[in-house]
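Down below is the structure, laid out as structure tokens.
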Amino acid sequence: MQLATQFAYDAMFLAPFNTNYGTHFMNLAYAPQKALSLKIASAVFHEIPRNADFGDFPENNVFGDVRVSYEQNLAEYLSENRFFYTNNTFSMPSDVSKLKEIAGFGSSPVVKYSGQGAYFLDEIESGIWRLEMMPDALWLMDPYSSVDPNVQKAAVLHAAHSITIHLPQLGDAFSAQAINDGNSLVAIADEGAIDLTPGVYLLRKKGVTTKIDVQSPFKNIVLNEFVAPASDLDTLLVQNKTSQSMNMSDEVEISFDVISAEKPDEVAVFVGEGHYHSRRFDAEEIVTNQYRVLLPEDFNRNQTLNYYIGVRQTGSGWRTFPSGIAGNPRDWDFSSRQSYRLDILPDDAPLLLWSADDYEFSASSWRQGIGVVPNSNRRVLSYHFSPDIANLANDEPFHAFKYYFKEKIAGRQKSILSKEKLVLKAKVRAGMPPVLHVSLIDKSGLVRKYQMKLNAHDEFYMVSLEDFDAGPIAIVPRSFPDYLPWFVGPGDATDFNMAEIEMVQIVLPAQEFEGVFGFYIDELWLE
Numbered sequence: 004m005q006l007a008t009q010f011a012y013d014a015m016f017l018a019p020f021n022t023n024y025g026t027h028f029m030n031l032a033y034a035p036q037k038a039l040s041l042k043i044a045s046a047v048f049h050e051i052p053r054n055a056d057f058g059d060f061p062e063n064n065v066f067g068d069v070r071v072s073y074e075q076n077l078a079e080y081l082s083e084n085r086f087f088y089t090n091n092t093f094s095m096p097s098d099v100s101k102l103k104e105i106a107g108f109g110s111s112p113v114v115k116y117s118g119q120g121a122y123f124l125d126e127i128e129s130g131i132w133r134l135e136m137m138p139d140a141l142w143l144m145d146p147y148s149s150v151d152p153n154v155q156k157a158a159v160l161h162a163a164h165s166i167t168i169h170l171p172q173l174g175d176a177f178s179a180q181a182i183n184d185g186n187s188l189v190a191i192a193d194e195g196a197i198d199l200t201p202g203v204y205l206l207r208k209k210g211v212t213t214k215i216d217v218q219s220p221f222k223n224i225v226l227n228e229f230v231a232p233a234s235d236l237d238t239l240l241v242q243n244k245t246s247q248s249m250n251m252s253d254e255v256e257i258s259f260d261v262i263s264a265e266k267p268d269e270v271a272v273f274v275g276e277g278h279y280h281s282r283r284f285d286a287e288e289i290v291t292n293q294y295r296v297l298l299p300e301d302f303n304r305n306q307t308l309n310y311y312i313g314v315r316q317t318g319s320g321w322r323t324f325p326s327g328i329a330g331n332p333r334d335w336d337f338s339s340r341q342s343y344r345l346d347i348l349p350d351d352a353p354l355l356l357w358s359a360d361d362y363e364f365s366a367s368s369w370r371q372g373i374g375v376v377p378n379s380n381r382r383v384l385s386y387h388f389s390p391d392i393a394n395l396a397n398d399e400p401f402h403a404f405k406y407y408f409k410e411k412i413a414g415r416q417k418s419i420l421s422k423e424k425l426v427l428k429a430k431v432r433a434g435m436p437p438v439l440h441v442s443l444i445d446k447s448g449l450v451r452k453y454q455m456k457l458n459a460h461d462e463f464y465m466v467s468l469e470d471f472d473a474g475p476i477a478i479v480p481r482s483f484p485d486y487l488p489w490f491v492g493p494g495d496a497t498d499f500n501m502a503e504i505e506m507v508q509i510v511l512p513a514q515e516f517e518g519v520f521g522f523y524i525d526e527l528w529l530e
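For reference, each letter of the sequence shown is one residue, going 4 to 530 in this note's numbering.
Next comes the structure, spelled out in structure tokens:
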């Protein structure tokens with residue numbers, strides 16, 4: 004049996020809101036990378052025989068003509084005459100002149116594209132290709148967040164972009180003629196590069212004059228057919244990609260995306276220096292919509308930076324984020340107190356992986372009596388309930404959660420290998436002290452676990468990272484159907500990569516217990 008775990012398609016009018024099935028998001032216009040991955044799955048179904056064995060993970064990330072890369076956010080299919088990819092790739096076809104079909108997102112050695120939508124290139128006959136370019140797909144917020152038909156999570160934008168095509172079958176001076184309804188664009192490529200808007204085009208090698216009926220059948224449609232929603236981006240957003248903390252020895256880089264229907268006239272970062280004073284640094288656009296600012300060396304000291312991101316557009320002036328209010332921090336009447344924060348720390352400072360404030364962003368099982376509560380001037384994750392081991396499934400724990408911290412520590416990731424110990428701040432307030440399983444998970448899903456026994460006296464629990472052993476990974480939130488196992492593994496953790504850890508997992512396993520659990524967890528860090 005072969006199984007592709009994508010069973011929901013978001014209808015075009017529902018796709019901006021992802022209300023169809025909240026745990027899935029697949030639509031060619033609004034989620035092009037997912038749609039292309041399904042196209043690759045189709046190729047696998049047609050070519051890979053049933054019961055084929057490609058070994059175990061991670062070796063089976065490459066099989067047949069397919070490559071899957073978690074690090075590159077990439078699924079890729081590359082055969083003698085077809086090339087499909089869901090993100091930027093450096094893979095080179097063995098003989099480009101044999102390609103007949105290309106489908107992609109981003110750039111490859113054959114196609115360089117500055118847009119953020121899918122594109123399709125198909126050879127119609129010698130010297131003539133069909134190019135279809137979809138509009139840009141822009142995610143305004145997490146498409147898997149709580150379903151609300153009144154909250155738009157994704158948008159499309161019809162914008163002109165440069166596309167460079169390196170196909171000997173077309174040469175570098177090919178012509179492009181729009182053939183979809185309402186599109187009259189005609190252009191000539193310069194060294195393979197050409198500016199086009201979303202639509203369908205006939206590309207002709209220089210000197211080829213063969214007439215083509217644009218209404219002729221093409222696969223399961225007609226040649227000039229083009230279906231895409233109209234532009235529905237009517238907002239200005241800044242999505243900050245900057246880490247929350249950085250090492251003092253590193254260059255201070257602030258990176259972010261600007262999502263807007265109109266190209267900004269100016270984009271800048273304003274670093275606060277107290278009492279309405281700020282320094283301005285103009286941002287550089289690295290690729291479409293992605294900007295960065297490199298701060299001078301005098302910022303490389305132990306401090307907390309409070310900064311703003313400003314965007315100026317023709318006709319509407321400056322807007323400043325994260326608040327999104329009009330004006331910029333250098334205006335005399337700028338009143339926003341909302342700012343971004345960046346902690347610049349000594350390289351040897353403890354590396355915080357999780358705190359109780361992160362629990363709402365953790366994947367967890369649910370149990371009455373477990374939740375975040377105030378404790379003095381902090382918030383802690385409190386456990387207060389009477390365990391009943393008799394009503395648990397075979398491998399069911401009392402509670403389990405995982406937290407993905409990779410982006411949180413991205414600015415200090417290189418410090419991981421200098422750390423020797425894990426520290427858990429926790430406190431037993433009532434009842435018998437429990438046993439916890441504390442685990443670190445690397446990018447390949449390999450797990451290293453430590454069994455930690457709390458006591459009635461201590462608040463800080465320190466353990467050497469060398470004392471961790473291979474452990475299982477918890478399946479939370481729960482899978483469906485719910486009789487599936489709670490844990491997978493433990494597998495062979497020989498290849499566990501401490502430098503690439505990205506999740507922490509804390510499990511309160513089922514255990515013989517009398518009375519009431521009464522303890523809390525505050526923070527978890529490396530030092």
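Even glycine gets a Cβ: it sits at the ideal position worked out from N, Cα and C.
Quick caveat: nothing in here was measured; it's all calculated off a predicted structure.
Open item on the list: Would Leu540 and Ile412 be called neighbours here (beta carbons separated by less than 9 Å)?
Closed with: A query on residue 540 cannot be resolved here, the shown segment of the chain reaching from 4 to 530 and no further.
- [ ] Can you tell me which of the three DSSP states Tyr486 falls into?
- [x] coil
- [ ] Would you give the residue range spanned by the beta strand (DSSP E) that Ala106 belongs to?
- [x] 104 to 107
Task: Environment of Phe324 [buried if 16+ CB atoms lie within 10 Å] - done: buried
Open item on the list: Please state the DSSP three-state secondary structure of Pro220.
Closed with: strand
Open item on the list: Counting beta carbon pairs with one atom in the region 121 to 132 and one in the region 152 to 161, are three or more of them shorter than 8 Å?
Closed with: no
Open item on the list: For the region 254 to 269 against the region 229 to 245, do three or more pairs of beta-carbon atoms, one drawn from each stretch, fall closer than 8 Å, so that the two count as touching?
Closed with: yes
Open item on the list: Using 9 Å as the threshold, is the C-beta distance between Ile168 and Leu206 below it?
Closed with: yes
Task: For Ala44, the first and last residue of its enclosing alpha helix (DSSP H) - done: 35 to 50
- [ ] Report the rounded CA-to-CA distance for Gln454 versus Pro512, giving the unit in angstroms.
- [x] 10 Å
Open item on the list: My parser needs the beta strand (DSSP E) runs of 3 or more residues fully inside the region 68 to 111; what are they?
Closed with: 69 to 72, 77 to 81, 85 to 88, 104 to 107
- [ ] Tell me whether Phe66 sits in a helix, a strand or coil according to DSSP, three-state version.
- [x] strand
Task: Cβ-Cβ separation, Asp350 to Ser418 (assumed contact under 8 Å), whole Å - done: 6 Å
Open item on the list: Can you find the residues in the same chain that come closer than 7 Å, C-beta to C-beta, to Ala477, ignoring five residues on each side of it along the sequence?
Closed with: Ala403, Lys405, Trp489, Phe490, Gln508, Val510
Task: Ala359 classed as buried or exposed, judged by whether at least 16 other C-beta atoms fall within 10 angstroms - done: buried
TODO: Pair every Cβ in the region 37 to 45 with every Cβ in the region 71 to 79, then say whether three or more of these pairs are closer than 8 Å.
DONE: yes
TODO: Would you decide whether Asp3 is buried or exposed? Buried here means 16 or more other CB atoms lie within 10 Å of its CB.
DONE: Residue coverage of the chain in this structure runs from 4 to 530, which leaves residue 3 outside it and unanswerable.
Open item on the list: For Phe401, tell me which candidate among Val479, Pro377, Ile191, Leu420 has the shortest Cα-Cα distance.
Closed with: Val479
Open item on the list: Measuring CB atoms only, is the region 441 to 459 touching the region 378 to 388, in the sense that at least three cross pairs come out at less than 8 Å?
Closed with: no
TODO: Can you give me the start and stop residues for the beta strand (DSSP E) that Pro61 sits inside?
DONE: Unbroken run through Pro61: none, as it is neither H nor E.
- [ ] With a floor of 3 residues, list each beta strand (DSSP E) that falls wholly inside the region 322 to 347, ordered by position along the chain.
- [x] none
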